[in-house]
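**Student:** Can you keep this structure in mind? I'll have questions shortly.
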Amino acid sequence: MSGAYRIKGAGRLTPARTARFTFDGKIHTALQGDTVASALLADGVHLIGRSFKYHRPRGFLSAGPEEPNALIDVSRDASRRQPNVRATVQEVFDGAIVSSQNRFPSLSFDVGAINDFFSPMFVAGFYYKTFMWPKAAWDKLYEPIIRRAAGLGSAPKQGDTDHYASRYAHCDLLVAGGGVAGLTAALAAAKTGAKVIVADENAEVGGALRFDTGATIDGVSGYAWAQKTLAELKALPNVQVLTRTTVFGYYNHNFIGLAERVTDHLATPALHEPRERLWQVRAKKVVLATGAIERHMVFANNDRPGIMLASAARTYLNQYGVTVGHNVAVYTAHDSAYETAFDLKRAGVSIAAIVDCRQNPDVKLLDEARALGIEVLAGHSVYDTAGRLRVSSITVGRNGGSGKRKIKVDALIVSAGWTPSVHLFSQSRGKLKYDTEHQRFLPDVHVQECVSIGACNGTDDLADLIAEAAAAGGGTVDFSGNNALTWTGGMIGAADGAGEADSVKAFIDFQHDVCAKDIRLAVREGMHSIEHIKRFTTNGMASDQGKLSNMHGLAIAAEALNRDLPKVGLTTFRAPYTPVTFGTLVAHSRGALFDPARKTPMHALEEAAGASFEDVGNWKRAWFYPRAGEDMHQAVNRECKTVRETVGVFDASTLGKIEVVGPDAAKFLNLLYTNAWDTLKPGRCRYGIMTREDGFVYDDGVVGRLAEDRFHVTTTTGGAPRVLQHMEDYLQTEFPHLNVWLTSATEQWAVIAVQGPKAREIIAPLVEGIDISPEAFPHMAVAEGKICGVPTRLFRVSFTGELGFEINVPADFGPAVWKAIAERAEAVGGCLYGTETMHILRAEKGYIIVGQDTDGTVTPDDAGLGWAVSKKKTDFVGIRGLQRPDLVREGRKQLVGLLPKNPHDVPEEGGQIVVDPNQPKPMTMLGHVTSAYWSENLGRSIAFGLVAGGRARLGETLYIPLADKTIAVEVTDMVFFDKEGGRING
């Protein structure tokens, strides 16, 4: 019946504002502000899903993100559908299409429920012992069946038409949680002028105040105070309040991940609004005010629909105006459940009984219950429940007694106490301590700049909590508060009703169907570590990550092992705190932006010139420039000849560029590179090799010294980000005493390489303020001036072995300068050339490419660059690695030149090199080909290879076996063209 369980005058929703939605095809009417859970409960719907393994009927257990049962599929249309949404969190919007999951053919009749009948076969760990035989059945039978059965919801088949956003933010204080503690800390901090971000996962702030009617703060009800404080915080310019925002991850250096649900609750979202937004926040300090999570009671058949946490029932009543039943029983080990019973009774709901497993509950509670006409059965437990699709009765008995009594109910609310929510604290790598008196883990040792306050820190008294929160915020507040009752009690582990028998299903982990008996079985099977028990039983491995089950599982394991609970250990809390959609994490990085193409400033001009492009990492680089009728080989051959004979123009903008600035810049580079930099004079360049700690080549490039305290460092195209990271890592961790600043300048400079005998002739008329004569501007010189009227850093360097210049200009001016140079080059018979020509020209001169001619196990000496390792320096990154015996032994693979005996044979890169091609398999491999090309300038093929003992084999004939032939090669030095090196000097 529509709204049959909604109580008039209760809750905080407005009856006049409604929203219609469907659940499994049936239309329901909700109030705006309802969650799917509260709306269905208002209509008397408790059956919401089926369990993963046994397919048992399941109902709502909680009212928050810890919910293990109520996972639903929510859609607007076929392309906007999301499975595994928690019904207790998802707000109803008009037109929502909601479906149950993990059932066939329907929720009320699920053929998968036959698994419950066969449950004695599906005990914990059964999957480790079955599906082993016959071996051939795994691929064709077992695995397909398991894969079909795995999971809960089904992934959408159509592309997601929603869009998602991301944002970076910095703040002085990030507060996780908008309850009393979080709001107080935020207010205290905000009054000091600190920049504050408050994030709360609910649609409204207040935390427990949303259900707790007994709290009074600053002379008003707790909920009214929360709304007043929210308005005060929102009015402050230094505070940002984010509701519907989950703090899901706490990472190094106070880097926090937040997932904001921006429009999931709206019927018609604005087109410009994202569905969800990822916040990546760097906070100076983090305040964790994440509260506590109520635990369920562990007893036989405690999973029937209609059985839920007491705090959930109180939330549905006081926030949404919904009662979970008309004849409700309570089973508890904690005082908080009494307040739920009292609120329900005052709202007109019949309370069948309060079953308290404690012998002596608080007298005040007993007196209040008596005054309200509620029967309290102290020292009793619930031993069983009945009802197929909803609980209909409970079986109650005295603890340890034999007599039992059946009580008819339509709902049962339970509470075993509260577990502090320490998930984010643990993600921060903080260490926990065990509070024996209250049977809970609490924050102890903080690793990062954070503080835990309130219920997550074990602070139960409201006045103490407010004082603690104000101190955490670094300020003061002029109010206090008090609770109507001081809560006591609680238990962890199995209650009397759980029994010792292996047949009793007393559930701990509802989603994965883990029972108390499964934990005991794991211990009997030899699992003594809690991590092993977790994996054997899958306790805590569901989508709720054990928020309700972990403490119960620990206690039962400790009892079975006869150990103190802290000695059993605690499982690892991992991010995310609650599931985060792929859309939120990906944000804009989808489609064309998933792997964004980087283009140089001259890309459009190169495209217009007919360039064919290749992908180099994310960069689009001009590969070659074919003219009419030319294929790739013809175009490349022409380009190679032209550069050697006249001039060529090449786009080198993709080279990594890092500005290293500061009084200690030279000292820093001395420590990062193998060669010396303090001897390099301003206005000069030097080729540098960078090694890792292990002594292997990491990157290379030309470094120009512009001034005593400023260096322009170039890296390989692919190495730019990792080299900057490498530098920053060492600067911050190993050499923090050095006064140096690092700035990535890769995209700030367009780089035009002009190479060839006529290079000086091409650029001379365009250059201003720099004497580029051979005497004034020799090879490896650098100067700042102007070209075409714009600022330039002009390098006299060459990667072709020809007279060469690399012209760096601000990126915005790159196209204009490129056009002017290209026109002059074309006028003298020059051409544009691409990366393929660049590779061939550098190979003709014996120049290596790190990453192609090195493989992560090559030292500078192996690459023939031993001259670049300083013999005078006492320290640099990799110096000790280079001294390891294995790195200086004879016979190491060394880079050498390879000349095929048949000059028309071009070896395959990666081809293995052997001494005897007729040797029986397995053949002895000496190394492999790293680079191989046809050289039009030499009229033959050339190659490089890493060969064991390579330099000692000069003149030897080795072989490269390929699929269709074997190529004989002669081992040579690596310089094939202009061995004397005269051309580079112009």
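So the sequence shown is numbered by numbering that gives the first Met the number 0: it starts at 0 and just counts up by one. Note that CB positions come from ideal geometry on N, CA and C, so glycine has one too.
Roughly how far, in whole angstroms, is the beta-carbon of residue 648 from the beta-carbon of residue 753, given that I think they are within contact range, below 8 angstroms?
**Tutor:** Residue 648 to residue 753, Cβ: 6 angstroms. Contact.
**Student:** Could you name the residues of the same chain whose beta carbon sits closer than 8 angstroms to that of residue 934, not counting the 5 residues immediately before and after it, in chain order?
**Tutor:** Closer than 8 angstroms at Cβ, skipping near neighbours: 639, 839, 842, 843, 940, 941, 975, 976.
**Student:** With DSSP as the reference, please indicate the residues paired to residue 793 in a beta bridge.
**Tutor:** DSSP lists 782, 806 as partners of residue 793.
**Student:** Between residue 574 and the rest of its own chain, which residues show a CB-CB distance below 8 angstroms, the 5 nearest in sequence each way excluded?
**Tutor:** Cβ neighbours of residue 574 beyond the five flanking positions: 247, 248, 249, 250, 256, 426.
**Student:** According to DSSP, is residue 115 helix, strand or coil?
**Tutor:** Correct three-state label for residue 115: helix.
**Student:** Of the choices 895, 883, 962, whose alpha-carbon is the least far from that of residue 916?
**Tutor:** With distances taken between Cα atoms, residue 916 lies closest to 962.
**Student:** With DSSP run on the structure shown, which of helix, strand or coil describes residue 619?
**Tutor:** Looking at residue 619 - three-state DSSP - the assignment turns out to be strand.
**Student:** For residue 208, collect the residues of the same chain with a Cβ closer than 7 angstroms to its Cβ; drop the 5 residues on either side in sequence, then sort them by chain order.
**Tutor:** The answer, listed in chain order, is 178, 179, 214, 221, 222, 225.
**Student:** I'd like the list of long-range same chain contacts for residue 715, defined as Cβ closer than 6 angstroms, with 5 residues on each side in sequence excluded.
**Tutor:** Around residue 715: 698, 849.
**Student:** Quick one, are the C-beta atoms of residue 480 and residue 462 less than 8 angstroms apart?
**Tutor:** A contact, by the Cβ cut-off of 8 angstroms.
**Student:** Taking all protein chains shown into account, decide if residue 409 is buried (16 or more other Cβ within 10 angstroms of its Cβ) or exposed.
**Tutor:** Buried.
**Student:** Which first and last residues belong to the beta strand (DSSP E) in which residue 722 is found?
**Tutor:** Here residue 722 belongs to no beta strand (DSSP E); instead the alpha helix (DSSP H) covers 719-732.
**Student:** Considering only the beta carbon of each residue, do residue 668 and residue 660 sit closer than 8 angstroms?
**Tutor:** No, they are not a contact pair.
**Student:** Please return the same chain residues whose Cβ sits closer than 7 angstroms to the Cβ of residue 681, not counting the five positions on each side in sequence.
**Tutor:** Contacts found: 704, 705, 706, 707.
**Student:** Go ahead and label residue 307 buried or exposed: buried means 16 or more other beta carbons lie within 10 angstroms of its beta carbon, across all protein chains shown.
**Tutor:** By the 10 Å Cβ count, residue 307 comes out buried.
**Student:** Report buried or exposed for residue 380, applying the criterion of at least 16 other Cβ atoms within 10 angstroms of its Cβ.
**Tutor:** So residue 380 ends up on the buried side.
**Student:** Taking only runs that begin and end inside the segment 447-484, name each unbroken beta strand (DSSP E) of 3 or more residues, in chain order.
**Tutor:** Complete beta strand (DSSP E) runs here, min 3: 449-451, 480-482.
**Student:** Quick one: any contact between the segment 560-567 and the segment 71-91, if contact means 3 or more CB pairs under 8 angstroms?
**Tutor:** Because the criterion of three Cβ pairs below 8 angstroms is not met, the segment 560-567 and the segment 71-91 do not touch.
**Student:** If residue 786 and residue 750 are in contact, beta carbons under 8 angstroms, what's the gap, nearest whole angstrom?
**Tutor:** With a Cβ gap of about 12 angstroms, residue 786 and residue 750 do not count as contacting.
**Student:** Hey, could you find the ends of the beta strand (DSSP E) residue 1008 is sitting in?
**Tutor:** In the structure displayed, the chain extends from 0 to 985; residue 1008 sits before or after that span and is not available.
**Student:** So within the segment 155-189, which uninterrupted beta strand (DSSP E) runs reach at least 3 residues, ignoring any that extend past its ends?
**Tutor:** Counting whole runs of 3 or more residues, the segment 155-189 contains the beta strand (DSSP E) stretches 164-175.
**Student:** Short of 6 angstroms in beta carbon distance, which residues of its chain neighbour residue 610, apart from the five on each side in sequence? Order them along the chain.
**Tutor:** The answer, listed in chain order, is 621, 624.
**Student:** From the DSSP secondary-structure annotation, give me the bridge partner or partners of residue 433.
**Tutor:** Answer by DSSP bridge pairing, in chain order: 440.
**Student:** According to DSSP, residue 957 sits in a beta bridge with which residue or residues?
**Tutor:** Answer by DSSP bridge pairing, in chain order: 968.
**Student:** Could you say which of 216, 792, 533, 522 lies nearest to residue 744 if we only look at CA atoms?
**Tutor:** Checking every option, the nearest Cα to that of residue 744 belongs to 792.
**Student:** Could you give the DSSP three-state label for residue 239: helix, strand or coil?
**Tutor:** Residue state, collapsed to three classes: strand.
**Student:** Mark residue 903 as exposed unless 16 or more other C-beta atoms lie within 10 angstroms of its C-beta, in which case mark it buried.
**Tutor:** Exposed.
**Student:** Considering only DSSP beta bridges, list what residue 988 is partnered with.
**Tutor:** Here the chain comprises residues numbered 0 to 985, so residue 988 is not present and cannot be evaluated.
**Student:** Would you mind giving the Cβ-Cβ distance between residue 407 and residue 392, rounded to the nearest angstrom? I have them listed as a contact below 8 angstroms.
**Tutor:** So it is a contact: roughly 5 angstroms between Cβ atoms.
**Student:** Can you find a CB in chain B that lies within less than 8 angstroms of the CB of residue 718?
**Tutor:** Within the model displayed, chain B is absent; a lone protein chain is all it includes.
**Student:** From which residue to which residue does the alpha helix (DSSP H) around residue 413 run?
**Tutor:** Where residue 413 is concerned, there is no enclosing alpha helix (DSSP H), although the beta strand (DSSP E) it sits in stretches over 410-414.
**Student:** Does the beta-carbon of residue 167 have 16 or more other beta-carbons within 10 angstroms, so that it is buried, or is it exposed?
**Tutor:** It counts as exposed.
**Student:** Please list, in chain order, all residues of the same chain as residue 170 whose beta carbon is under 6 angstroms from its beta carbon, the five residues on each side excluded.
**Tutor:** The answer, listed in chain order, is 194, 196, 282.
**Student:** Residue 263: which of 459, 91, 442 sits nearest, CA to CA?
**Tutor:** Looking at the Cα atoms, 91 is the closest of the given residues.
**Student:** Are the Cβ atoms of residue 55 and residue 112 separated by less than 8 angstroms?
**Tutor:** Yes, these two residues count as a Cβ contact at 8 angstroms.
**Student:** Output the distance between the C-alpha atoms of residue 299 and residue 324, rounded to the nearest integer angstrom.
**Tutor:** Near 21 angstroms, if we compare the C-alpha coordinates of residue 324 and residue 299.
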